[in-house]
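Residue numbers (the working numbering), protein chains in the order written: chain A, 18 to 409; chain B, 18 to 409.
Using N, Cα and C, we set each Cβ at its ideal position, and we do this for glycine too.
Please read these numbers as outputs of a predicted model, since none were measured by experiment.
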């Protein structure tokens, strides 16, 4: 026999009171016990009906189906995204608890430390022509173009992966602006101001893109286009050089994607970028440029959705023997996520000292998980995160 | 010694006239011969300077560098994207000729034929609740939900890849609308019209997405979310079933991405979607829904950029021994491509009976090629193309 749920039609509370049911749910860490009665959250009640063969009745003996119960809570935001992500975690035999139980810093968050550093370029006197339609600068002075490429990996001298082939250097739009500001580049046909205007007109959130480029470059990192890997930039650690050692091309290990605070991105597009990086075995770094806002934490109404307990040696973690590991944010495929919204959520996770887990329910109710880890990049005001696909 | 180019400052024509240079360029199929003199296109002249160590002078003996020559043609659209894609093809030892030489149907285009068919659903009487915030319908009548899933692969009964787990069926927004229109579904809390309005408000180009879904579904194809593969839908051929045979899950081989005529997509985003499909070994289908426009071909000004000769058994094709194989469209990473623009370009390629090759110059001047093949889907008014990454 399944469990019996009782719905109180006056306050829409769902409780469990049969002793054997109470004991079964207590063992599974469902609901909240109060004087021998267990009060369930809507997601918990739906799970009982969907998966645990529970029956739900009210005072007068009417029966309630999954949809009957769900309909009562229809006004709740992303009810199904929450239910489906809750269900997935539970289906794995792991414990989920409501967000409002978060009450302190759990000391669980991991920070990734990246090297700081600085970068200075020699006082060259570089001359080039800027091609507005292509957003590329060409330097046709062979010696300067070559040195710029070999010493700083700025521009592409000759041909991609065949620098000896050809005599001109091509600077992309970020390299062009960087050298105009910091590298004594002058252009025969235009000035920084005009290029800046053009780039901002042509490329959405260009200012954000460039500021991330400059932020990392100033610390000695090398940033080149991430086109082949589906992201804005690929990134090499300080000291990387395009000159092949033992005829081996250096492979980047990280890619950087910029998520402007004011932008909104479809979850499916967001996920696509992470997938490409994953398929080429690169670490995906998300950069949220711009000034961090003051974010208020309301302990009674967290932005995040569920506290997740994970595994430990020899078993699973529970509220009895451990602490939550992740704070889950439930999303669905066709939703839009804003840069600022994500920044807020990640700030909240940090406040509680948990790891952030983004759980995305696709249109087929399959769930994809991403763990988000904060990056410490000395001297940077921007927020950076490593995002990794995870199978719990 | 390199070749000598002569620039005529009056008309900005670039010619080659030294007999040994003329003979060298003739053998390489560069330029156009007229009375013993070769007239070069700007891309050809730039290539000579960049790669073939050519010197360029004018009547009075002034020397011109790469940038000097490029600056003369600075007003030409996407000059560098064109130059870099031209260069890549030439660097492979293959022949490129100017677009205006296209003069007939070359009979080279390949069409992919897909099965037609029709689809009828039994006259069920289905009831569900629609969750607006999640754009999902739940059917909690176990028998109907299960049959719908097993017989038509509509909805997800139980759990993804574990249909026995759970008792409810989830229909996504496309399945919901399809069943409201064609499958006798009724919803307890709302009607088709309201859902249609909501979906169009929430999802950009929803009408286009749904119309592609319906177009294929009506022919018996099964469409499910392509979320895991970075596209709008994955697609199974008629007859596919979610019921495992010999405990083997059926894998889709194709994904469909919708490119609305009115939308503009950043080339890098566009390419990202193809990359994910490629990394999971699926054929990428691009759908351009909506009415085909009447497109005018101006033989003197093709939209496409270069005629490409490819390889043949034992060597390369040339204008002497063969015909062009591809018509190349040159693009760059940071450019926006419109659905209608692409449709026009592909119409033009068809007109000339060539295969379409999209060549994308990234910010590092590396080129990525995609071959586009027209799909014949009987009974469909929409345009569909297979797009495949290619290494020439």
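Spell out the partners DSSP gives residue 389 (chain A) in its beta bridges.
Per DSSP, A:373, A:404.
Within a Cβ cutoff of 6 Å, which residues of the same chain sit near residue 228 (chain B), ignoring the five residues on either side of it in sequence?
Here the set comprises 306.
Listed from N- to C-terminal order along the chain, which residues in the region 46 to 73 of chain B have their beta-carbon within a distance smaller than 7 Å of any beta-carbon of chain A?
Residues passing the 7 Å Cβ filter: 67, 68.
Does DSSP classify residue 366 (chain A) as helix, strand or coil?
The answer is helix: DSSP assigns residue 366 (chain A) an H, G or I state.
Residues in the region 196 to 212 of chain B with C-beta within 8 Å of chain A's C-beta atoms, listed in sequence order?
Answer in chain order: 205, 206.
Segment limits, beta strand (DSSP E) that includes residue 111 (chain A)
Unbroken run through residue 111 (chain A): none, as it is neither H nor E.
So, at 7 Å on beta carbons, what are the nonlocal neighbours of residue 99 (chain A) in its own chain, with the 5 sequence-adjacent residues on each side left out?
Excluding five sequence positions before and after residue 99 (chain A), the CB atoms of its chain that fall closer than 7 Å to its own CB belong to 60, 322, 347, given in chain order.
From A:302, A:382, A:350, pick the residue whose C-alpha is nearest to that of residue 286 (chain A); which is it?
Selected option, being the one with the closest Cα: A:350.
Would you identify the three-state DSSP class for residue 3 (chain A), choosing helix, strand or coil?
Residue 3 (chain A) falls outside the range modelled here, since chain A spans only 18 to 409, and no answer is possible.
6 Å CB neighbourhood of residue 277 (chain B) in its chain, flanking five on each side removed
In the same chain as residue 277 (chain B), and ignoring 5 residues on each side of it, the C-beta atoms closer than 6 Å to its own belong to 222, 225, 356, in chain order.
Pair every Cβ in the region 310 to 320 of chain A with every Cβ in the region 113 to 127 of chain A, then say whether three or more of these pairs are closer than 8 Å.
Enough Cβ pairs lie closer than 8 Å, so yes.
Pairwise C-alpha distance: residue 296 (chain B) and residue 252 (chain B):
C-alpha separation (whole angstroms): 17 Å.
For the alpha helix (DSSP H) that contains residue 291 (chain A), what are its first and last residues?
Residue 291 (chain A) -> alpha helix (DSSP H) spans 284 to 296.
From what residue to what residue does the beta strand (DSSP E) around residue 147 (chain B) run?
First-last of the beta strand (DSSP E) with residue 147 (chain B): 143 to 148.
Under 9 Å Cβ-Cβ, which residues of chain A neighbour residue 376 (chain B)?
Against residue 376 (chain B), chain A offers no close residue; the least beta-carbon distance is about 13 Å (beta-carbon pairs closer than 9 Å).
Quick test of the definition: if touching needs 3 or more C-beta pairs under 8 Å, does the region 238 to 251 of chain A touch the region 149 to 159 of chain A?
The region 238 to 251 of chain A vs the region 149 to 159 of chain A: no contact.
What number of angstroms, rounded off, separates the C-alpha of residue 85 (chain A) from the C-alpha of residue 77 (chain A)?
The alpha-carbon atoms of residue 85 (chain A) and residue 77 (chain A) are separated by roughly 15 Å.
For chain A, find out if any of its Cβ atoms is closer than 8 Å to the Cβ of residue 83 (chain B); answer yes or no.
At least one CB atom of chain A sits nearer than 8 Å to the CB of residue 83 (chain B).
Measure the CB-CB distance between residue 372 (chain B) and residue 126 (chain B) and report whether it falls below 8 Å.
A contact, by the Cβ cut-off of 8 Å.
Would you call the region 368 to 383 of chain B in contact with the region 204 to 215 of chain B, where contact means no fewer than 3 C-beta pairs closer than 8 Å?
Output reads no: the region 204 to 215 of chain B does not touch the region 368 to 383 of chain B.
Starting from the Cα of residue 234 (chain A), find the closest Cα among A:50, A:397, A:353, A:94 and give me that residue.
Residue A:397 is the option with its Cα nearest to residue 234 (chain A).
Going by C-alpha to C-alpha distance, which of B:220, B:366, B:231, B:133 sits closest to residue 312 (chain B)?
Minimum Cα distance to residue 312 (chain B) is reached at B:366.
Distance between residue 66 (chain A) and residue 207 (chain B) (C-alpha atoms, nearest Å):
So the alpha carbons of these two residues sit roughly 24 Å apart.
Using 8 Å as the cut-off, can you tell me whether the region 176 to 194 of chain A makes contact with the region 158 to 165 of chain A, which would need three or more C-beta pairs spanning the two stretches below that distance?
Note that the region 176 to 194 of chain A touches the region 158 to 165 of chain A; at least 3 beta-carbon pairs, one per stretch, sit closer than 8 Å.
Could you pull out every residue in the same chain whose Cβ sits closer than 8 Å to the Cβ of residue 362 (chain A), ignoring the five residues on either side in sequence?
For residue 362 (chain A), same chain residues with a beta-carbon under 8 Å away, outside a window of 5 residues either side, are 320, 321, 346, 373 in chain order.
Short Cβ contact (8 Å threshold) for residue 112 (chain B) with residue 335 (chain B):
Taking the C-beta atoms as reference points, residue 335 (chain B) is found nearer than 8 Å to residue 112 (chain B).
Please compile the residues from chain E whose C-beta is within a distance smaller than 9 Å of the C-beta of residue 128 (chain A).
Checking the listed chains, one finds no chain E in this structure; the protein chains it contains are A and B.
Under 7 Å by beta carbon: chain B residues contacting residue 153 (chain A):
The contacting residues are 97.
Can you list, in chain order, the residues of its chain whose CB lies under 7 Å from that of residue 201 (chain A), leaving out five sequence neighbours each side?
Here the set comprises 140, 141, 142, 143.
Can you check whether the C-beta of residue 247 (chain A) is within less than 8 Å of a C-beta belonging to chain B?
Residue contact check for residue 247 (chain A) against chain B: a CB pair falls below 8 Å.
So for residue 36 (chain A), helix, strand or coil by DSSP?
Helix, per DSSP.
Cβ distance (whole Å) where residue 22 (chain A) is taken to contact residue 71 (chain A) below 8 Å
Here residue 22 (chain A) really is in contact with residue 71 (chain A); their C-beta atoms are around 5 Å apart, less than 8 Å.
Is residue 158 (chain A) buried or exposed, if buried means 16 or more other CB atoms sit within 10 Å of its CB?
Burial call: buried.
Boundaries (first-last residue) of the alpha helix (DSSP H) holding residue 223 (chain A)
223 to 234 is the extent of the alpha helix (DSSP H) around residue 223 (chain A).
The alpha helix (DSSP H) enclosing residue 67 (chain B), as first and last residue numbers
Residue range 59 to 67 is occupied by the alpha helix (DSSP H) that includes residue 67 (chain B).
What residues of chain A sit near residue 173 (chain B), judged by a beta carbon separation below 9 Å?
Residues of chain A with a Cβ closer than 9 Å to the Cβ of residue 173 (chain B) are, in chain order, 380, 381, 382, 383.
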